[in-house]
DNA sequence: AATTTCGTCTGGCCTGACCACCTGATGGTT
DNA sequence: AACCATCAGGTGGTCAGGCCAGACGAAATT
């Protein structure tokens with residue numbers, strides 16, 4: 001006998017769901033304009049206030065953009081809108097940081113594996129450039145965080161999987177936003193820039209050699225090092 | 001000369017920001033109750049409708065939960081809502097099925113690995129129940145899709161990493177929506193339910209034996225089988 | 001002591017009004 | 001003909017007030 005609590009959906013939630021469904025089915029695409037609030041109100045037989053609540057929710061999620069005088073448009077979701085809730089979760093619960101690192105390891109391990117199998121000459125050139133840049137950073141004592149990020153993104157590109165790339169980007173940005181201080185320290189602790197560079201180089205060599213297992217291993221070791229350093233608090 | 005478009009913030013956006021700041025500063029914690037809509041309206045010197053719009057937005061982001069008759073509470077936001085923007089973004093991106101499967105392989109491989117290391121007795125019991133259910137489905141010729149999903153979720157739970165679980169769920173949901181027809185066929189093709197059951201069982205045995213590598217291997221083989229079947233078109 | 005009722009508070013939704021901004025059409029000026 | 005100003009009609013933004021359903025605690029009843 002399975003009796004579960006009954007929870008009727010609020011009107012604004014229903015509206016949100018309908019619009020999401022329209023997007024999911026491809027009936028609404030980025031750039032498309034939604035009917036006006038007044039029209040939605042009529043067609044849905046609800047008050048305009050309820051429509052507005054729904055649109056506020058969708059805007060907060062980054063699904064739509066509301067332009068006064070013009071209308072309401074479906075938009076491509078900016079990465080910032082994706083990252084923000086995750087970053088807030090991190091603020092509230094530091095335990096989530098280790099969980100994110102584990103997730104990152106899974107994603108980047110797979111990306112490195114696929115990159116080793118799929119990387120073409122232009123991918124490898126790109127990584128080489130970035131390694132040079134990291135080396136310059138090393139010599140000049142610059143932080144190197146920028147090139148570091150771009151190196152990881154280049155791996156994601158070489159993997160030829162945009163889902164992985166997006167997930168990696170999301171997780172990476174979340175961490176960057178939420179763990180600013182400890183990330184800075186990662187780059188400023190004596191000896192770390194050299195170690196990071198060596199690790200990046202190792203990853204690159206494995207990818208260049210088209211050795212997927214070695215690539216995955218190398219990136220996981222790198223991320224474990226990063227995890228250890230981030231835990232020193 | 002940097003001239004940027006001027007955009008004044010809407011009142012509901014200001015309210016959202018204030019509440020977020022309170023949370024970010026630690027003045028509001030999960031479980032804390034916000035003032036009532038009427039009180040917020042007075043204290044902020046805005047209309048109640050604007051307050052409601054802000055609360056709708058915060059609820060959509062998973063930051064708060066609204067309980068009619070009780071009030072509005074800050075919520076521990078490690079729930080499904082934090083990945084809503086990501087889920088929408090994946091839907092909008094319209095990725096190829098294979099890309100979703102590869103991402104899923106990365107996430108579920110790691111989840112199985114961690115589950116094998118962390119699963120406790122209650123986790124194993126849960127999986128056993130679900131295997132029984134799948135066996136019933138097999139005997140009755142029922143689709144088994146529901147128990148399948150729940151089995152994968154149980155693995156995610158046993159991994160003790162809610163970020164990973166959420167990401168898995170998001171990717172899995174995106175796939176389910178994108179591949180409605182071919183997914184059905186996966187369960188209805190002669191011989192497949194038996195194979196799926198055997199694979200699920202293998203995954204379970206590896207987790208039960210606390211063998212992380214075998215668990216990862218088993219789930220990746222399972223997902224490769226799924227990928228092959230989904231490609232038959 | 002246990003149960004029921006009542007009062008007060010909460011959120012949910014509606015209606016109507018008015019304001020600011022945007023866009024396109026129209027008319028006037030150069 | 002091209003450009004500018006004005007206007008009308010549409011858009012979203014916000015307000016105020018009303019009423020309803022649900023939740024909870026206190027008071028009354030059994």
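Protein chains in written order, with the UniProt record's numbering: chain R, 1 to 233; chain D, 1 to 233.
Think of the CB as a built atom: it goes at the ideal place given N, C-alpha and C, for glycine as much as any other residue.
Those runs of the alpha helix (DSSP H) which lie wholly inside the region 128–197 of chain R and span at least 4 residues: 145–158, 162–178 and 180–188
Buried versus exposed call for residue 139 of chain D [16 or more other C-beta atoms within 10 Å across all chains shown]: Here residue 139 of chain D is taken as the residue at index 139 of the second chain, counted from 1. Exposed: under 16 other Cβ atoms inside 10 Å.
Short Cβ contact (8 Å threshold) for residue 30 of chain D with residue 76 of chain D: Translated into the one-based positions of the second chain, residue 30 of chain D becomes position 30. Translated into the one-based positions of the second chain, residue 76 of chain D becomes position 76. Yes, Cβ-Cβ distance for residue 30 of chain D and residue 76 of chain D is below 8 Å.
Proximity below 8 Å, CB of residue 106 of chain D to CB of residue 86 of chain R: Reading the second chain from its first residue, position 106 is the one you call residue 106 of chain D. Reading the first chain from its first residue, position 86 is the one you call residue 86 of chain R. Not a contact, by the Cβ cut-off of 8 Å.
Distance CB(residue 104 of chain D)-CB(residue 175 of chain D) smaller than 8 Å: Looking up residue 104 of chain D in the second chain gives position 104. Looking up residue 175 of chain D in the second chain gives position 175. Yes; because the gap between Cβ atoms is below 8 Å, this pair is in contact.
Proximal chain R residues relative to residue 69 of chain D, where beta-carbon distance stays under 7 Å: Here residue 69 of chain D is taken as the residue at index 69 of the second chain, counted from 1. Ordered by position in chain R, no residue passes the 7 Å Cβ test against residue 69 of chain D, which lies about 13 Å from the chain.
Helix, strand or coil at residue 38 of chain R according to DSSP, with G and I counted as helix: Counting from 1 along the first chain, the entry for residue 38 of chain R is found at position 38. Residue 38 of chain R: helix per DSSP, three-state reduction.
Under 9 Å (Cβ pairs) to chain R, residues found in the region 102–124 of chain D: 102, 103, 104, 105, 106, 107, 108, 109, 110, 111, 113 and 114
Sequence-distant residues of its chain with Cβ nearer than 7 Å to residue 130 of chain R (five each side left out): By 1-based counting over the first chain, the position of residue 130 of chain R is 130. So the qualifying residues of the chain are 147, 150, 151 and 154.
Assumed close pair residue 89 of chain D, residue 166 of chain R - CB separation to whole angstroms, cut-off 8 Å: For the purposes of this step, residue 89 of chain D is identified with residue 89 of the second chain, where counting begins at 1. For the purposes of this step, residue 166 of chain R is identified with residue 166 of the first chain, where counting begins at 1. Confirmed, about 7 Å.
Cutoff 8 Å: residue 205 of chain D Cβ touching any chain R Cβ: Here residue 205 of chain D refers to the residue found at position 205 of the second chain. No, because no Cβ of chain R sits closer than 8 Å to the Cβ of residue 205 of chain D.
Chain D residues whose Cβ lies nearer than 8 Å to that of residue 24 of chain R: Position 24 of the first chain holds residue 24 of chain R. Per Cβ cutoff of 8 Å: 91 and 177.
Unbroken beta strand (DSSP E) run spanning residue 117 of chain D, endpoints: On the second chain, position 117 is the one that residue 117 of chain D refers to. Not the beta strand (DSSP E): residue 117 of chain D falls in the alpha helix (DSSP H), residues 97–118.
Residue 66 of chain R - partner residues in DSSP beta bridges: Within the first chain, residue 66 of chain R is the residue found at index 66, counting from 1. Looking at the DSSP assignment, residue 66 of chain R forms a beta bridge with R:72.
Residue 99 of chain R: contacting residues in chain D (beta-carbon distance under 8 Å): Taking the first chain and counting its residues from 1, one reaches residue 99 of chain R at position 99. The contacting residues are 161, 162, 163 and 164.
For residue 93 of chain D, the first and last residue of its enclosing alpha helix (DSSP H): For the purposes of this step, residue 93 of chain D is taken as the residue at position 93 of the second chain. Run containing residue 93 of chain D: 84–93, per the alpha helix (DSSP H) assignment.
Selected residue, minimal CA-CA separation from residue 115 of chain R, among R:210, R:171, R:18 and R:230: Within the first chain, numbered from 1, the residue matching residue 115 of chain R stands at position 115. Closest by alpha carbon: R:210.
Status (buried if at least 16 other CB within 10 Å, exposed otherwise) for residue 134 of chain R: Counting from 1 along the first chain, the entry for residue 134 of chain R is found at position 134. It counts as buried.
Per-residue DSSP class, three states only, for residue 52 of chain D: Along the second chain, one-based indexing puts residue 52 of chain D at 52. It is helical.
Strand pairing of residue 234 of chain D, partner residues [DSSP]: Not covered by the structure: residue 234 of chain D. The range shown for chain D is 1 to 233.
Length of the line joining the Cα atoms of residue 95 of chain D and residue 181 of chain D: Here the question's residue 95 of chain D lines up with position 95 in the second chain. Here the question's residue 181 of chain D lines up with position 181 in the second chain. Between residue 95 of chain D and residue 181 of chain D, the C-alpha separation is close to 16 Å.
Chain R within 8 Å of residue 231 of chain D, Cβ atoms only: What you label residue 231 of chain D is simply residue 231 of the second chain in a count that begins at 1. Residue 231 of chain D does not count as touching chain R.
Within chain R, the residues that residue 167 of chain D reaches when beta carbons sit closer than 7 Å: As a first step, residue 167 of chain D must be located in the second chain, where it is residue number 167. Near residue 167 of chain D (Cβ distances below 7 Å), the residues of chain R are 103 and 167.
Reference residue 208 of chain R; option with closest CA among R:124, R:219 and R:171: In the first chain, residue 208 of chain R corresponds to position 208, counting from 1. Cα-wise, what sits closest to residue 208 of chain R is R:124.
C-alpha gap between residue 157 of chain D and residue 42 of chain D, whole angstroms: As a first step, residue 157 of chain D is located in the second chain; it is residue number 157 there, counting from the start. As a first step, residue 42 of chain D is located in the second chain; it is residue number 42 there, counting from the start. Distance between the alpha carbons of residue 157 of chain D and residue 42 of chain D is about 43 Å.
Length of the line joining the Cα atoms of residue 120 of chain R and residue 202 of chain R: The residue given as residue 120 of chain R occupies position 120 in the first chain. The residue given as residue 202 of chain R occupies position 202 in the first chain. When rounded, the distance between both Cα atoms is 18 Å.
Closest by C-alpha distance to residue 177 of chain D, when choosing among D:45, D:100, D:227 and D:196: Taking the first residue of the second chain as 1, we reach residue 177 of chain D at position 177. Residue 177 of chain D has its Cα closest to that of D:100, out of D:45, D:100, D:227 and D:196.
Buried versus exposed, by CB contacts within 10 Å (16 or more), residue 67 of chain D: As a first step, residue 67 of chain D must be located in the second chain, where it is residue number 67. That one is exposed.
Residue 60 of chain R and residue 46 of chain D closer than 8 Å at C-beta: Mapped onto the first chain, residue 60 of chain R falls at position 60. Mapped onto the second chain, residue 46 of chain D falls at position 46. No, they are not a contact pair.
Neighbour list for residue 62 of chain D in chain R, Cβ cutoff strictly below 8 Å: For the purposes of this step, residue 62 of chain D is identified with residue 62 of the second chain, where counting begins at 1. Correct list: 85.
Supposed close pair residue 97 of chain D, residue 179 of chain D - CB separation, criterion 8 Å: Along the second chain, read from residue 1 onward, the residue named residue 97 of chain D stands at position 97. Along the second chain, read from residue 1 onward, the residue named residue 179 of chain D stands at position 179. About 6 Å separates the two Cβ atoms, so the contact holds.
Minimum Cβ-Cβ distance from residue 95 of chain D to chain R less than 8 Å: Working through the second chain from its first residue, we reach residue 95 of chain D at position 95. It does: the Cβ of residue 95 of chain D has a partner Cβ on chain R nearer than 8 Å.
Proximity winner among R:142, R:19 and R:69, relative to residue 184 of chain R (alpha-carbon distances): Here residue 184 of chain R refers to the residue found at position 184 of the first chain. The candidate whose alpha carbon is nearest that of residue 184 of chain R is R:142.
Between the CA atoms of residue 26 of chain D and residue 32 of chain D - distance to the nearest angstrom: Working through the second chain from its first residue, we reach residue 32 of chain D at position 32. Working through the second chain from its first residue, we reach residue 26 of chain D at position 26. Each residue's Cα considered, the two are about 11 Å apart.
Range of the contiguous alpha helix (DSSP H) that encloses residue 20 of chain R: Sequence index remark: in the first chain, residue 20 of chain R carries index 20 (1-based). Counting along the chain, the alpha helix (DSSP H) containing residue 20 of chain R begins and ends at 11–24.
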